[in-house]
Amino acid sequence: MDIFHLNSSHLSYIEPKPCVMAIGYFDGIHLGHQQVLKKAISLAEECGLISAVMTFHPHPREVLGIDGYNRYITPLKKKLQLLKDMGIHRTYVVHFDLDFASISPEDFINDYINQLFVRHVVVGYDFTFGHKGQGTADSLKNGSQGKFSVHVIQPVNLMGDKVSSTLVREYLSKGEVEKIPRYLGRYYQLTGIVVEGEKRGRTIGFPTANLNLNENFIVPASGVYGVRVTLHGKSYNGVMNIGFKPTFHQRKLPLTIEVHIFDFAEQIYDEILEVDLLFFIRHEKKFCSVNELFSQIKKDIAFAKDKIKKQFR
Numbered sequence: 264m265d266i267f268h269l270n271s272s273h274l275s276y277i278e279p280k281p282c283v284m285a286i287g288y289f290d291g292i293h294l295g296h297q298q299v300l301k302k303a304i305s306l307a308e309e310c311g312l313i314s315a316v317m318t319f320h321p322h323p324r325e326v327l328g329i330d331g332y333n334r335y336i337t338p339l340k341k342k343l344q345l346l347k348d349m350g351i352h353r354t355y356v357v358h359f360d361l362d363f364a365s366i367s368p369e370d371f372i373n374d375y376i377n378q379l380f381v382r383h384v385v386v387g388y389d390f391t392f393g394h395k396g397q398g399t400a401d402s403l404k405n406g407s408q409g410k411f412s413v414h415v416i417q418p419v420n421l422m423g424d425k426v427s428s429t430l431v432r433e434y435l436s437k438g439e440v441e442k443i444p445r446y447l448g449r450y451y452q453l454t455g456i457v458v459e460g461e462k463r464g465r466t467i468g469f470p471t472a473n474l475n476l477n478e479n480f481i482v483p484a485s486g487v488y489g490v491r492v493t494l495h496g497k498s499y500n501g502v503m504n505i506g507f508k509p510t511f512h513q514r515k516l517p518l519t520i521e522v523h524i525f526d527f528a529e530q531i532y533d534e535i536l537e538v539d540l541l542f543f544i545r546h547e548k549k550f551c552s553v554n555e556l557f558s559q560i561k562k563d564i565a566f567a568k569d570k571i572k573k574q575f576r
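Counting from 1, position 127 in the sequence shown corresponds to residue 390 in the working numbering; the numbering is continuous, with no gaps.
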């Protein structure tokens, strides 16, 4: 997949190719987004064109000062990998800043869509663009002047819920990760580098890998989770704690992410782990003693092993 990072001054340096383009932010690449992307791919195949995506970075709501949007379901690197895996040929990552936010819908059509030789546009039902979101799918149709067609994909509804990034963010904030695969089509995943921690886990018999996230992922609610870890292409089961280790610290320290991998004793500092969150086990709490914590961790591990064996083969 070819990737172009651009703003208006970069467009003249790109060799455009006639394409079918899906446009949107696509945080999460959830099932609704996938319908938009699959339509672009199938239409490109039908028309003998390349499939393309235009997305934006950073999140428009972050730039506009809306709280909670400086972290992502799929940070840019992860998003690009998912687009590549789906078979997209070319992705344009538009730098979103206040100048870009102020352009008119007409200028967006003329300066971006037309200059990139877009022959068909595919968007979601709620797509907006241009200054204050004044542009809509109808604006695209009216402004196309016959140069491109517009295809609007309707929302995907599951169990009475409209699939959306907002819904996925809500579940993450509650730690309800077991519900997320039905909307993403995959487990929610964190990736990061293993760094040195306090090394306290090994002293009580449960060594942990301390994870330093390598992108701005949304971190789910504090607590203990059953997880599946991928290292060098091999999968392992484990438990993960997200929190502040209140049993050992009187004051609130920076949040930590620690993974205990079952039946694993290798040295993995500086290695990259991919951690799929399978299910929530319990909230983090302060224990009265290390022995009490030790006893609870044993219960957490036994519960996780049993549930993974029965439900997550």
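In this text, a Cβ means the ideal position worked out from N, Cα and C, and glycines have one as well.
- Distances from the alpha-carbon of Lys-548 to those of Thr-471, Gly-486, Ser-365 and Asp-563 put Gly-486 closest.
- Sorting Gln-298, Lys-572 and Leu-361 by C-alpha distance to the C-alpha of Gln-417 places Gln-298 at the top.
- A straight-line Cα-Cα distance of about 10 Å links Phe-267 and Met-317.
- The three-state reading of DSSP puts His-495 in coil, since its state is none of H, G, I, E or B.
- Shortest Cα-Cα distance from His-495 to any of Thr-519, Thr-454 and Phe-507 involves Thr-454.
- In this structure Tyr-446 is not in contact with His-352, their Cβ atoms being roughly 26 Å apart against a cut-off of 8 Å.
- In the three-state DSSP reduction, Phe-542 falls in the strand class (E or B).
- Nearest neighbour of Ala-303 by Cα position, chosen from Gly-406, Val-283 and Leu-312, turns out to be Val-283.
- The beta carbon of Leu-379 sits closer than 6 Å to the beta carbons of Pro-279 from its chain, once the five residues preceding and following it are set aside; these are given in chain order.
- The three-state reading of DSSP puts Thr-429 in helix, counting H, G and I together.
- For the stretch 309-348, the continuous alpha helix (DSSP H) assignments of 4+ residues that do not extend past its boundaries occur at 323-326, in sequence order.
- When rounded, the separation of the alpha-carbon atoms in Leu-518 and Lys-340 is 23 Å.
- Judged by their CB atoms, Val-522 and Ala-567 are not nearer to each other than the 8 Å cut-off.
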